[in-house]
Amino acid sequence: MTGGQSAGILRLFGRVRDYDWGSPTAIYDLLGEDPSGRPAAELWLGTHPSAPSEIETETGGRRRPAEAAVGRLPFLLKVLAADKALSLQVHPDRAQAQAGFDGEERAGVPPQAPHRRYRDRNHKPELIVALTPFRALAGIRDPQRTLCVVQSLGHPPLTAAFEPLWEDPSAGAATVLRTLLTMPAHQVRGLVDGIVKAAGMIGPRAEPDVAAAADLVGQLAVAHPGDVGIAAALLLNDVLLQPGEALFQPARLLHAYVHGVGIEIMATSDNVLRGGLTSKHVDVDELLRVLDPTPTRAPVLAPRTVRGAAGITVRTWDVPVDDFVLAEAVCDETMPNRADPRGNVHDGSVTVRRPAVLLVTDGTVMVEGMGVCATRLRRGQAAVVAPAPGAQGVSEAEGVLTLRGRGRVFLASPGSCAPS
Numbered sequence: 002m003t004g005g006q007s008a009g010i011l012r013l014f015g016r017v018r019d020y021d022w023g024s025p026t027a028i029y030d031l032l033g034e035d036p037s038g039r040p041a042a043e044l045w046l047g048t049h050p051s052a053p054s055e056i057e058t059e060t061g062g063r064r065r066p067a068e069a070a071v072g073r074l075p076f077l078l079k080v081l082a083a084d085k086a087l088s089l090q091v092h093p094d095r096a097q098a099q100a101g102f103d104g105e106e107r108a109g110v111p112p113q114a115p116h117r118r119y120r121d122r123n124h125k126p127e128l129i130v131a132l133t134p135f136r137a138l139a140g141i142r143d144p145q146r147t148l149c150v151v152q153s154l155g156h157p158p159l160t161a162a163f164e165p166l167w168e169d170p171s172a173g174a175a176t177v178l179r180t181l182l183t184m185p186a187h188q189v190r191g192l193v194d195g196i197v198k199a200a201g202m203i204g205p206r207a208e209p210d211v212a213a214a215a216d217l218v219g220q221l222a223v224a225h226p227g228d229v230g231i232a233a234a235l236l237l238n239d240v241l242l243q244p245g246e247a248l249f250q251p252a253r254l255l256h257a258y259v260h261g262v263g264i265e266i267m268a269t270s271d272n273v274l275r276g277g278l279t280s281k282h283v284d285v286d287e288l289l290r291v292l293d294p295t296p297t298r299a300p301v302l303a304p305r306t307v308r309g310a311a312g313i314t315v316r317t318w319d320v321p322v323d324d325f326v327l328a329e330a331v332c333d334e335t336m337p338n339r340a341d342p343r344g345n346v347h348d349g350s351v352t353v354r355r356p357a358v359l360l361v362t363d364g365t366v367m368v369e370g371m372g373v374c375a376t377r378l379r380r381g382q383a384a385v386v387a388p389a390p391g392a393q394g395v396s397e398a399e400g401v402l403t404l405r406g407r408g409r410v411f412l413a414s415p416g417s418c419a420p421s
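Structure, rendered in structure tokens:
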């Protein structure tokens with residue numbers, strides 16, 4: 002591919018993020034690299050300013066920022082590999098983010114201050130698709146189920162802290178969270194130590210919810226000893242995704258990832274309000290103002306599957322946002338297959354109106370389109386479909402994808418993309 006190529010399929014080089022909760026091996030294994038000795042938590046593929054990806058401009062030539070070819074993408078695609086639990090967190094909706102950001106700008110809060118709550122004016126919906134069994138906490142659980150679990154653990158201070166769920170099933174979770182997150186440190190130590198001890202006494206014949214809660218407490222206690230989030234986590238739906246299942250986190254939903262490897266796509270934003278299982282800043286009042294405390298089922302999504310006649314299977318997960326769509330294409334024949342990032346399979350060409358990011362997670366896939374030479378991508382390699390020549394920004398990009406080979410590739414694009 003020649004230097005300065007402004008359209009076509011460009012190799013994309015992501016950035017590895019070495020947060021301490023990451024896996025020491027999973028992402029390195031995907032990339033075909035030797036472990037560095039540091040945990041690799043996420044591989045970022047996109048134009049996020051905190052860790053922008055780069056593109057290949059020519060064989061052996063210098064790389065340059067991906068944004069130079071595709072503009073600022075409204076989404077970020079990640080490989081996420083959690084070896085221990087991430088923080089309990091909630092993201093604001095778009096209106097809350099805009100008001101919060103503008104307020105902190107007027108107040109002169111430094112952009113990188115630890116207590117800064119709003120880093121930008123955008124919302125941050127997220128979708129994660131499990132590559133391995135993936136445990137997560139998502140949404141306020143039915144109060145009756147939570148109370149049953151809490152009572153079965155048999156620790157009176159915990160039962161007392163959760164009493165507001167009896168009094169107000171629809172919003173009592175917010176009261177419980179305020180009680181836990183404002184508890185004096187010496188009381189937190191006693192409460193959490195008691196929960197961990199009680200969980201350790203739960204036998205294998207306990208009810209499934211109770212056994213799962215005891216196991217969860219044990220995992221969280223190892224990762225975040227003494228953290229009040231261990232108690233707060235019992236408010237949430239405990240979900241174990243199987244490979245191919247997905248979890249969607251809309252705005253205002255309290256959630257946390259516990260363990261596993263998945264493909265995550267999110268709107269480009271850094272707005273996170275934390276509520277435990279973290280050493281970072283926790284703003285209790287703002288967390289509770291943004292949080293939706295209404296009990297809900299875990300937002301688990303089954304894929305929509307389309308099987309093409311030419312040996313390609315495409316799965317998509319329908320989400321109610323226009324920031325992104327995600328599809329997975331499995332090629333099991335050598336015949337050409339045309340697909341678009343919305344998950345449609347076609348016998349003819351498809352016009353894709355936005356840039357797309359591709360990541361191969363298994364096998365080897367030949368990708369071609371935009372009238373340029375084919376690009377061979379093997380496991381762990383990524384590419385971006387750049388705009389057509391003369392396109393004015395993301396909204397006018399066009400391209401056609403053809404997939405050949407045997408492998409699995411994830412395709413991400415803005416959600417307003419529609420094939421023509």
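For the sequence shown, the working numbering gives the first residue as 2, with consecutive numbering after it. Glycine is no exception: its CB is placed at the ideal position from the N, C-alpha and C atoms.
- The closest CA to that of Ile266, considering only Pro25, Leu74, Asp21, Ile10, is found on Leu74.
- As the crow flies, the alpha-carbon of Ala67 is around 15 Å from that of Leu360.
- Looking at Glu55, Ser88, Val130, Ser270, the one whose alpha-carbon comes closest to that of Ser280 is Ser88.
- Listed in chain order, the non-local C-beta contacts of Phe14 below 8 Å within the same chain comprise Ser54, Glu55, Ile56, Glu57, Arg64, Ala383, local neighbours out to five positions each way being set aside.
- Cβ atoms of Phe76 and Ala413 come within 8 Å of each other, at about 6 Å.
- Here Glu287 is not near Arg117, since their CB atoms are 8 Å or more apart.
- When Arg179, Gln188, Ala222, Leu178 are compared, the shortest CA-CA separation from Val197 is found for Ala222.
- Closest in C-alpha terms to Thr26, from the list Gly109, Pro115, Val262, comes Val262.
- In the structure shown, Arg316 falls within a strand segment according to DSSP collapsed to helix, strand and coil.
- Residue pairing by DSSP places Lys79 opposite Trp45, Glu265 in a beta bridge.
- Of the residues Pro115, Ala69, Thr133, the one whose Cα lies closest to the Cα of Asp84 is Thr133.
- Rounded to whole angstroms, the gap between the alpha carbons of Leu78 and Arg308 is 24 Å.
- Arg136 carries a strand assignment under DSSP once its states are collapsed to helix, strand and coil.
- Ala257 sits in a strand when the DSSP states are folded into three classes.
- A distance of 8 Å or more separates the beta carbons of Pro300 and Gly245.
- The closest CA to that of Thr176, considering only Ala41, Phe325, Asp293, Asp319, is found on Asp293.
- By DSSP's assignment, Ile129 forms a beta bridge with Leu248, Glu265.
- With respect to the 8 Å criterion, Ala137 and Leu242 are classified as neighbours on the basis of their beta carbons.
- A distance below 6 Å between beta-carbons, with the five flanking residues on each side excluded, links Phe411 to the following residues of its chain, in chain order: Ile264, Glu329, Leu360.
- In terms of Cα proximity to Leu237, the closest of Gly277, Val17, Val366, Ser37 is Gly277.
- Contact check for Ala252 against Pro126 passes: the beta carbons are separated by less than 8 Å.
- The three-state secondary structure of Ser153, taken from DSSP, is helix.
- Each of Asp210, Thr160, Gly38 was checked against the Cα of Gly23, and the nearest Cα belongs to Gly38.
- Measuring C-alpha to C-alpha distances from Ala98 to each of His256, Val17, Asp21, Thr269 identifies Thr269 as the nearest.
- Residue pairing by DSSP puts Arg12 in a beta bridge opposite Ala384.
- Between Ala174 and Ile141, the gap from beta carbon to beta carbon is short of 8 Å.
- The DSSP-derived three-state label of Leu327 is strand.
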